[in-house]
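For reference, the structure discussed in these notes is given below.
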Amino acid sequence: MPSAAMWLDGLLSPPGGKRFNFIVALRAALGSTLRPRTARRVARAIPEVPGRTPHVTLVGAGPGDPDLLTVAAARAISQAEVILYDHLVGPGILALAQPGAELICVGKRSGQHSHSQEAINDLIAAQARSGRRTVRLKGGDPMIFGRAGEEIEHLERVGISVSVIPGITAALGCASSAGLSLTKRGVSRAVTFVTAHAREGDATEPDWARLADPKGTLAIYMGREAARRVGRGLTAGGLSPDTPVLAVENGCRPDERHHRTTLGAMAERGVAAGDGPTLLLIGWALESRVLEDGAAHAGDALGAGGHVGQRFGHD
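When we follow the working numbering, the leftmost residue of the sequence shown carries the number 133, and every step to the right adds one.
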C-alpha cells in the first residue's frame, strides 16, 4: 500500500517528469518553524481577516507511522496554513505540511510545564478567526483520550465550525504492530480502553473490579508511570496475577519496543519501559505471543520495528 507521503508526492510529480522528493523538500523548508512557541503570546498577535468563515479541522495523526495516516488526514495536513500539534505527532507527519505553513506545538507532557487546555482552546479559536485554514493535529484518534470534546465545545460556543478526521488509535496501532488480536473466540469477547492519567487533582481510582474481566482485553493508555498501580488494582479486583501483559513503548515508530511481563510481576516491579509513551495491553488474548514466547524472560524488552505493513506482510 502506498504511503500518504507517496500519494502526495505523486500529485506533485508531472507525468513522465522528474520525480519530486516531497518529504526532503518540505523538511528543508520547515526549518525553525518546528520550534514550540508560547500559546498566549501567539494568540494576541493573530489579526482578524474578514472574508473567510472560521473553521477548524480536527485531525487524527494516528499512532506515529506516517504511513498509517488516512488519505483525508494527509490531504488536510498538506492544505493547512496553520497546524496546532501535540508532542506525540512526529516530524515525519509534520513534514507533510506545505511550505510556509505555521506549525505551533501546544502539546502536554506529564511532569513538564505546558499550556493549559483553556489557553489551547483560545489559541485554536484565534487561529481560525485569522482566516487561515486551521488544523488541530492530535496523536492517535482525537476522540479517544484526546480532549477533543472540550475543544469542539469551546469552538462551537464561540461560533466556529469544526469537522473531524479520525485516526488510528494507539491501541489498534500497537496491537497490529505486535501482531496481536485484541479479541479471540472463546477467550476475549470485549476490548476496553482505559486512561491511566487522571485530571489534575482527581484522586478517584477506576473501578478495578469491573475492569478485571478475565474474558476481556484491556488497553491502558499512558500506562508506564501507573503500571504498578494498575497491576495492584486489577489483581485486587480479581484478575489472575498470571494474566499476560505487553507494554508497547513508542508504538508504530522506528524505536518501538515491547516489554513482556505478567500482571503480578507488573504489580511488584512496574514495566521496564523507557521515557517514551507506553501503552499497556492486558489479557489472555495475548497469551500465545507474550507468555509462550517470553515467559522465561518476563519483563525483558524485545525490540520491534514500527512499520506495520512491512513487518507482517500486509498490503
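Glycine included, C-beta positions come from ideal geometry on N, C-alpha and C.
Remember, it's a predicted structure, so these values are computed and weren't measured experimentally.
query, result
"Cα-Cα separation between A397 and G232, rounded to whole angstroms", "50 Å"
"The segment 190-210 contacting the segment 383-393, beta-carbon criterion three pairs below 8 Å", "yes"
"Sequence-distant residues of its chain with Cβ nearer than 7 Å to I302 (five each side left out)", "For clarity, residue 302 is Ala in the given sequence; the question names Ile instead. Closer than 7 Å at Cβ, skipping near neighbours: P195, G272, Y353, G383, L411."
"Start-to-end residues for the alpha helix (DSSP H) that takes in E381", "Looking at the DSSP string, E381 is not in any alpha helix (DSSP H); the run it does join, the beta strand (DSSP E), is 376-381."
"V450 and L287 closer than 8 Å at C-beta", "Not covered by the structure: residue 450. The range shown for the chain is 133 to 447."
"Exposed unless 16 or more other CB atoms sit within 10 angstroms - verdict on V203", "exposed"
"Host alpha helix (DSSP H) of S309 (start-end)", "302-309"
"Euclidean distance between Cα positions of L413 and A368", "18 Å"
"For R389, the first and last residue of its enclosing beta strand (DSSP E)", "389-394"
"Three-state secondary structure (DSSP) of H187", "strand"
"Local conformation of T315 per DSSP, three classes", "coil"
"Nearest-angstrom beta carbon gap, P376 and G406 [assumed within contact, 8 Å]", "About 21 Å; that fails the 8 Å criterion."
"Cβ pair A379, L314 closer than 8 Å", "no"
"Identity of the residue in I300, A229, R184 nearest A206 by Cα", "A229"
"Rounded straight-line distance, which links the Cα of L190 to that of R264", "14 Å"
"Whole-angstrom distance between L350 and A358, CA atom to CA atom", "14 Å"
"R184 classed as buried or exposed, judged by whether at least 16 other C-beta atoms fall within 10 angstroms", "exposed"
"First through last residue of the alpha helix (DSSP H) which encompasses I209", "203-211"
"Span separating the alpha-carbon of R289 from that of A258", "13 Å"
"DSSP-derived helix/strand/coil call for A404", "coil"
"Nonlocal neighbours in the same chain, by C-beta distance under 6 Å from G224, ignoring five residues either side", "P198"
"Option nearest L371 by Cα separation, candidates L395, H391, A404", "L395"
"Beta carbon of V188 nearer than 8 Å to that of T266", "yes"
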